[in-house]
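Asks:
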Amino acid sequence: MKERTPQLRWEARTQTPLLGLAVLFGLAYAVPIVAPDADPWVHRLCTHVEWLVWGAFALDYAVRLVLAPARWLFVRSHPLDLLAVLLPLVQPLRLLRLVSTLLLVGRRARMAPQITLTTYVAGAVVGLMMFGSLAVLHVERNAPDGNIKTLGDAVWWSFTTMTTVGYGDHAPTTGLGRVLAVGLMLSGIALLGVVTANIAAWFISRFDRDDAVERRQTELLEALTREVKELRAEVARLSPPAAAVPEQGGSATSPRS
Numbered sequence: 439m440k441e442r443t444p445q446l447r448w449e450a451r452t453q454t455p456l457l458g459l460a461v462l463f464g465l466a467y468a469v470p471i472v473a474p475d476a477d478p479w480v481h482r483l484c485t486h487v488e489w490l491v492w493g494a495f496a497l498d499y500a501v502r503l504v505l506a507p508a509r510w511l512f513v514r515s516h517p518l519d520l521l522a523v524l525l526p527l528v529q530p531l532r533l534l535r536l537v538s539t540l541l542l543v544g545r546r547a548r549m550a551p552q553i554t555l556t557t558y559v560a561g562a563v564v565g566l567m568m569f570g571s572l573a574v575l576h577v578e579r580n581a582p583d584g585n586i587k588t589l590g591d592a593v594w595w596s597f598t599t600m601t602t603v604g605y606g607d608h609a610p611t612t613g614l615g616r617v618l619a620v621g622l623m624l625s626g627i628a629l630l631g632v633v634t635a636n637i638a639a640w641f642i643s644r645f646d647r648d649d650a651v652e653r654r655q656t657e658l659l660e661a662l663t664r665e666v667k668e669l670r671a672e673v674a675r676l677s678p679p680a681a682a683v684p685e686q687g688g689s690a691t692s693p694r695s
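Numbering (the numbering used here), first residue to last: 439 to 695.
1. At the level of alpha carbons, what is the spacing between Arg694 and Arg675?
2. Span of the alpha helix (DSSP H) holding Ile586?
3. Under DSSP, the alpha helix (DSSP H) around Val481 begins and ends at which residues?
4. Is Ile586 buried or exposed, if buried means 16 or more other CB atoms sit within 10 Å of its CB?
5. Just to confirm, are Asp503 and Phe495 a CB contact at a threshold of 8 Å?
6. State the start and end residues of the unbroken alpha helix (DSSP H) segment that holds Asp648.
7. What are the start and end residues of the alpha helix (DSSP H) that includes Ala466?
8. Rounded to whole angstroms, how far is the Cβ of Gly626 from the Cβ of Met600, which I believe are closer than 8 Å?
9. Would you grab the beta carbon distance between His608 and Asp591 for me? Rounded to a whole angstrom, and I think it's under 8 Å.
10. Nearest by alpha-carbon distance to Ala573: which of Ala450, Thr656, Gly458 and Ala466 is it?
11. Would you mind reading off the limits of the alpha helix (DSSP H) that contains Val513?
12. Once DSSP output is grouped into helix, strand and coil, what is the label at Met568?
13. If you run the structure through DSSP and keep just helix, strand and coil, what is Ala522?
14. Would you tell me roughly how many angstroms separate the C-alpha atoms of Asp519 and Arg579, rounded to the nearest one?
15. Check the C-beta distance from Gly570 over to Ser596 and give it rounded, since I have them as a contact under 8 Å.
16. So, at 7 Å on beta carbons, what are the nonlocal neighbours of Thr443 in its own chain, with the 5 sequence-adjacent residues on each side left out?
17. So is Asp649 buried or exposed if we call it buried at 16+ other beta carbons inside 10 Å?
18. Go ahead and pull the three-state DSSP assignment for Ala562.
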């Protein structure tokens, strides 16, 4: 077996710890929004955890860049990773830290060989719905004309937005909230397209397997038929010719001696 490169070994070793840090980031992002009246030290701790997790993913990108055989090719082939690392440095908003961390987590999750497409899509749907609900609640809770005031309202809005149903009973009123809505709509359409394509591919592969089995059975039946015909022909060739039978009413005259 070909030995793995240092970059692949690093990615394999850090896969599980980084995904665990991503879960920690989700908790740190959710606590200040779900419990806005918590003690100030709780909010400060959550902020530090968010930056710590983002820093861990940024360090992971830097190490992979150093270990890459062709660094410029690595940068060109991972533009979203670089954008996610630089985005919070441009403007240190919690929302940008959320977006960048989600991008980095998504990129690393897709590298995991043990994560199937179905698991990845299901996790992406749950993650987007959860973080979309928290983000829009954080933005719209104190809006003068906003009607998304509770976590239940935010979850309902996220669900109807991702499925492109859009009942209209809850809708963002701020500019940032509408930007979140656009991102959630596009993500929902993309994920639904992946799910639909996955289901269609499953049916096609199932039909192909059934057709292959039928073709194999037909080929075996035709081969068996040919062998039977050849065996009959061989038996007929090897059998002795039947003796001639004299006609009835005839007499056989033997020459007199």
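C-beta atoms are modelled at their ideal positions from N, C-alpha and C, and glycine is treated no differently.
Replies: So, from the listed chains and residues:
1. Per-residue confidence for Arg694 stands at a pLDDT of 49, beneath the threshold of 50, marking its modelled position as unreliable; no derived number is given.
2. First-last for Ile586: undefined, no H or E at that position.
3. Note that residue 481 is His in the sequence shown, not Val. Taken as a continuous stretch (DSSP letters only), the alpha helix (DSSP H) holding His481 covers Pro478 to Leu505.
4. That one is buried.
5. Per the sequence presented here, residue 503 reads as Leu, with Asp not at that position. Not in contact: Leu503 and Phe495 (Cβ atoms no closer than 8 Å).
6. Counting along the chain, the unbroken alpha helix (DSSP H) around Asp648 starts and ends at Gly613 to Leu676.
7. First-last of the alpha helix (DSSP H) with Ala466: Pro444 to Val472.
8. So it is a contact: roughly 3 Å between Cβ atoms.
9. Rounded, the Cβ-Cβ distance is 5 Å, consistent with contact.
10. The shortest C-alpha separation from Ala573 is found at Ala466.
11. Arg509 to Ser515 is the span of the alpha helix (DSSP H), which, as asked, contains Val513.
12. The three-state secondary structure of Met568, taken from DSSP, is helix.
13. If DSSP states are grouped into helix, strand and coil, Ala522 belongs with the helices.
14. Those two C-alpha atoms are separated by around 31 Å.
15. Confirmed, Cβ separation roughly 4 Å.
16. Excluding sequence neighbours, Thr443 sits near Pro507.
17. With a threshold of 16 other beta carbon atoms within 10 Å, Asp649 falls short and is exposed.
18. Helix at Ala562.
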